[in-house]
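Encoded as C-alpha cells, the structure appears first; notes follow it.
Protein chains: 2
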Amino acid sequence: MTRVGREVRVRRYPVGEVSPEDFEVVEVDVRDPAPGQVLVRNTWTSVDPGLRIRLRTDAPAGYFVAFPLGQAMDGVMAVGEVVDSCASGFAPGDLVSHAQGWREFAVVDPGEVQLGGVGTLTRLDAEDAEPSWFLGPLGGMGLTAYAGLHVVDALKGGETVWVSAAAGAVGSLAVQIAKLSGNRVIASAGSDDKVAWLRDELGVEAFNYRDGDLAAHLNAVAPDGIDVYFDSVGGDHLEAALDHLNRSGRVAMCGSISEYESEPKGPRNLFLTVSKDLTLRGFRGSSNLHLMADMQRHMTGWLRSGEVVSRTTVFEGLDTAPQALAAMIAGRTTGKTLVSIG
Amino acid sequence: MTRVGREVRVRRYPVGEVSPEDFEVVEVDVRDPAPGQVLVRNTWTSVDPGLRIRLRTDAPAGYFVAFPLGQAMDGVMAVGEVVDSCASGFAPGDLVSHAQGWREFAVVDPGEVQLGGVGTLTRLDAEDAEPSWFLGPLGGMGLTAYAGLHVVDALKGGETVWVSAAAGAVGSLAVQIAKLSGNRVIASAGSDDKVAWLRDELGVEAFNYRDGDLAAHLNAVAPDGIDVYFDSVGGDHLEAALDHLNRSGRVAMCGSISEYESEPKGPRNLFLTVSKDLTLRGFRGSSNLHLMADMQRHMTGWLRSGEVVSRTTVFEGLDTAPQALAAMIAGRTTGKTLVSIG
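Each protein sequence line maps, in turn, to chains U and H.
Numbered by this note's numbering, the letters in the first sequence go through residues 1 to 342 in order.
Numbered by this note's numbering, the letters in the second sequence go through residues 1001 to 1342 in order.
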C-alpha cells in the first residue's frame, strides 16, 4: 500500500532568530516497515529549546548533532499510534513514543537507542494519562526537571530554590517538583500573564524579569539569598544567581536559552563560585535515564491527584511546527509547546 | 618591657599590578599580652595569591574582607615562636601558627577563630617537620590541594587530571597528591624552568602554556581528553579545560589568578557544562577544615618518605614581603612563596 506523508526539513541554519522560512514541509512516500520495524502515525510532536542548538553547524561538543539540511529531522520526540508492525511487542493501535517527530508517519526500529534512550521506541500505558503527557511531565521534560533537582540535591526540601523560565515546559515542572519536595520556590518568567499563572495556579512567588532588574527582584523576594538556582536561561540570569546564592549554593544548569541566538558571554562574576563554595552542575535529562522510573512513579501520582498541573501551548497541524519553535524561543508560549498532527 | 617591631601596612589599593609602593613598613610599639593572650615572634610569613583579592574595595562576596588601609594586615598566615604567654596551653618556646603575619611580633588571642579556623592559634609539633611546612604542605596549601581533589572525587585514582599553575604552592601539591592517588597528571606552568622541575622532580607530564596555545598542548598530551581540571588560573585556562573535559568531567575551582588584576570575563563556552554533564565545584581550603586531620596524616607520611617534595621560594626579611607578593602574582616564584623574618 502506498502511503503519502508530510515531513519538516531544515532548509538553512538560521542566523539569529528562527523563522519559518528556515524550514520547508514536503510530501514524501512512506515506505512499509521492514521486518523488525514499526510504522507509526504521529499524533503529537514536541517543540524543545534544545532544537535551536541543533540548527547550527557549530553545535556544542557532547550535544546531539546538528540536523542535516534537506532531510527529515531525526531526534525529536513524538507520540503516535502504531499502524503497521513487523516487530514483536508492537501491534496496530498501540500508543508509542519515539524520536522521529516533525513528520506525519515514521518507520521506527525498536532496537535503535535514540536521544540517549529517552527517544527509543516505547509502548505507553495511557489508561490514566493524556497521550501528550508523555512529551511533557511523563517524558523528557519531567525527567529533566526531576534530574536537575536531584543532581543538586534539592529534592530533600527546606531550601529556597529559584527557577527561571518557570512558565516553560521544564521550568514549570521544576517549580512544582521543588515545591512538592518542601522547598520555598521563587519563579521568574517574561510576562505578567505567566507570572500570574505561576502565582495563582502553581502557588509560588513569582516575578517578571522584564519588569525592573533581576537583582532588585531577588533582593525583594529572597532577602536571605537563595540556595539553589535551576537555570534554563544563562546570561544575566546566571550572573544574578551567582550574586544571590548563599554559601554552598548549587546551580542546576539545564540550558541557556538567552544565548542560543547570540554570541554567548560567560558570567563575569564566576569567581563567586570559589569565594562562596558554589557548585555549578551541568546536566541533561538524557544522561539521567536511571531516574526515569522514579520520576514517572512520583509524577503519575501527582498528575492524578492534581498536585502537578501540566499546561500546554498547542499548535495545530504539522505545518505550524516551525512557527511553534520560533514562538517558544521568543517566549510567547506557556508550559509545554506541542504540535498536534491530524 | 617595651618591645619595638615592624609591620607591613597597605598604603593604597593597587590598580593593575601590585607594586611594593602600595605598602609601607612601619615600626610600632609591641604591647604586652593581656590575660588570655600570647605574644609571638614571627619567623615565617606566608605570601598567597588570595591576598591580591583583599587589596581592593570590591572584594568578592563570601571572601575574606579587604585589608584596611594603614593598619597591620590581619588574616595572613605566619609561623613563629611564643615569647610570652598569658594563656594556658602556650608557653615560651612553643612553635605556633596563626593568622597575624606580615609583622615581626603578634599579640594573639587563642580563642579567636581566624581564616575559617585555618588561622586560629595552633601549637605545632615540629619534631619531624620543617617549621615552614606548616605554611605549605601541612597547612592551608596542603588543605586546599587535598580538599580540591576531594570535592571533585579525584582521590580515587584512575583518571586524567590537569593541574594549572602547577609549579605554585597549591598546584605543586595538587599534582603530587593526584599522582599518589593513582591518576595520570598533566601539569602546566608559565616557564621552561618550572616545566623542567615538574617533569624531572615531580615526574609528571608538563607543558609551558606561554609556548604555543593551550588547545594544542592539551590535544597533544591528552588526546583522549581530561576527566578533572584543578583550576587556579581561570580565564583562557578554564575555557580550554571546558573544551577538553570528557563527559561527566569535573573542575575544582580554587582561584582565578589570571583575572585578579584585570576585569574578569566568564568562559564563553560554559554551555559545554550542560552538553557534557560537567560539574564546576568552587571551594576554599578554609571551608574544608574537617579534612585537615586526614590531609596532615597522609602528608606527614609523604613528606617523611620523600614522596611529596615541598619546594619554596624564600624572600629574606619582612621588608621584602610586598616584592614577594608581586613576584608571585607575576609568576616569578616556584612552589610556596615565603618570607623569612629575622
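We treat Cβ as the ideally placed atom computed from N, Cα and C, and that holds for glycine.
{"Query": "Terminal residues of the beta strand (DSSP E) in which Gly249/U lies", "Result": "Leu245 to Met253"}
{"Query": "Three-way DSSP call (helix, strand, coil) for Thr120/U in this model", "Result": "coil"}
{"Query": "CB contact flag (Thr279/U, Ala222/U, <8 Å)", "Result": "no"}
{"Query": "Trp102/U - DSSP class collapsed to helix/strand/coil", "Result": "coil"}
{"Query": "Neighbour-count burial assignment, Gly1342/H, 16 or more Cβ in a 10 Å radius", "Result": "exposed"}
{"Query": "Given Ala87/U as reference, the closest of Ala169/U, Ala99/U, Ala34/U and Asn42/U once Cα atoms are compared", "Result": "Ala34/U"}
{"Query": "Residue range of the unbroken beta strand (DSSP E) whose run includes Ile257/U", "Result": "Here Ile257/U belongs to no beta strand (DSSP E), and DSSP marks it neither H nor E."}
{"Query": "Between the CA atoms of Ala327/U and Phe315/U - distance to the nearest angstrom", "Result": "10 Å"}
{"Query": "Three or more C-beta pairs below 8 Å linking the region 1252–1263 of chain H and the region 1096–1114 of chain H", "Result": "no"}
{"Query": "Spatial distance of Leu218/U from Arg210/U (CA atoms)", "Result": "13 Å"}
{"Query": "Residues that DSSP places opposite Ile1226/H in a beta bridge", "Result": "Leu1245/H"}
{"Query": "Through-space distance from Leu238/U to Thr1312/H, alpha-carbon basis", "Result": "39 Å"}
{"Query": "Through-space distance from Gly317/U to Glu7/U, alpha-carbon basis", "Result": "11 Å"}
{"Query": "Short CB-CB distance (under 8 Å) between Arg1210/H and chain U", "Result": "no"}
{"Query": "Residue from Ser19/U, Thr300/U and Ala72/U with nearest C-alpha to Val30/U", "Result": "Ala72/U"}
{"Query": "Closer than 8 Å to chain H by CB, Thr57/U", "Result": "no"}
{"Query": "Local Cβ density within 10 Å of Thr2/U, reported as buried at 16 or more and exposed below that", "Result": "exposed"}
{"Query": "Identity of the residue in Gly168/U, Gly203/U, Thr320/U and Phe23/U nearest Lys179/U by Cα", "Result": "Gly203/U"}
{"Query": "Proximal residues, the region 1268–1282 of chain H versus chain U, C-beta separation under 9 Å", "Result": "Arg1268, Asn1269, Leu1270, Phe1271, Leu1272, Thr1273, Val1274, Ser1275, Lys1276, Asp1277, Leu1278, Thr1279, Leu1280, Arg1281 and Gly1282"}
{"Query": "Residue range of the unbroken beta strand (DSSP E) whose run includes Thr1300/H", "Result": "From DSSP, Thr1300/H is part of no beta strand (DSSP E) but of the alpha helix (DSSP H) over Met1292 to Ser1305."}
{"Query": "Own chain residues within Cβ distance below 6 Å of Ala1145/H, not counting five before or after", "Result": "Val1170, Leu1173, Ala1174 and Ile1177"}
{"Query": "Members of the region 14–33 of chain U near chain H, C-beta cut-off 7 Å", "Result": "none"}
{"Query": "Exposure label - Arg184/U; buried when at least 16 CB within 10 Å", "Result": "buried"}
{"Query": "Residue-level contact to chain H via CB, Arg247/U, 8 Å cutoff", "Result": "yes"}
{"Query": "Whole-angstrom distance between Met141/U and Trp1133/H, CA atom to CA atom", "Result": "52 Å"}
{"Query": "Inter-residue CB distance, Gly1225/H and Leu1245/H (contact presumed, cutoff 8 Å)", "Result": "7 Å"}
{"Query": "Interface partners of Gly1116/H on chain U, CB under 9 Å", "Result": "Under the 9 Å cutoff, chain U gives no residues; its nearest Cβ is about 11 Å from Gly1116/H."}
{"Query": "Residues near Pro1068/H in its chain [Cβ-Cβ closer than 8 Å; skip 5 each side]", "Result": "Val1010"}
{"Query": "Contact the region 1081–1100 of chain H vs the region 1108–1123 of chain H: 3+ CB pairs below 8 Å", "Result": "yes"}
{"Query": "Assigned exposure category for Thr1045/H - 16 Cβ within 10 Å defines buried", "Result": "buried"}
{"Query": "Cβ-based burial, Val4/U [other Cβ within 10 Å; buried from 16]", "Result": "exposed"}
{"Query": "Enclosing alpha helix (DSSP H) for Lys194/U [first to last residue]", "Result": "Asp192 to Asp200"}
{"Query": "Assigned secondary structure, Leu155/U (DSSP; H/G/I helix, E/B strand, else coil)", "Result": "coil"}
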